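Residue numbers (our numbering): 265 to 371.
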């Protein structure tokens, strides 16, 4: 699946930072610094958590709310044709629904 742009899973930021720190001694990669080990694929060195459910760009706010409640989710990825286009949290969704109820345009 080399070069695929389809969302397969997520990696915790803390895991990526730990990996980078163990190879570079710092939390970010600086151009020109030694990169021994950094040529490895993320899946070789980090635990990829599968995405069990994702929202489509065509999912209504009502449907999204129902899914958040049913799955007791705190966040979900938004995809278009399998490609990641966004990330929404329960708090953001709740705010958008409240704004609509008050006649405001959700941001």
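For glycine and all other residues, C-beta sits at the position ideal for the given N, C-alpha and C.
This structure is a prediction, so every number in the text was calculated from the model and none was measured.
Beta-bridge annotation (DSSP): residue 352 is paired with 340.
In this structure, the beta-carbon distance from residue 272 to residue 348 does not fall below 7 Å. The distance from the Cβ of residue 318 to that of residue 342 is about 7 Å, consistent with a contact at the 8 Å cut-off. Here residue 307 carries a helix assignment [DSSP, helix/strand/coil].
Annotation for residue 318: the continuous beta strand (DSSP E) segment containing it runs 318 to 320.
Straight-line measurement puts the Cα of residue 360 at about 5 Å from the Cα of residue 370. Looking only at 344, 368, 337 and 345, the smallest Cα-Cα distance to residue 355 is reached by 337.
Counting along the chain, residue 328 sits inside the alpha helix (DSSP H) bounded by residues 325 to 335. Taking all protein chains in view, the Cβ of residue 269 is surrounded by fewer than 16 other Cβ atoms within 10 Å, so the residue is classified as exposed.
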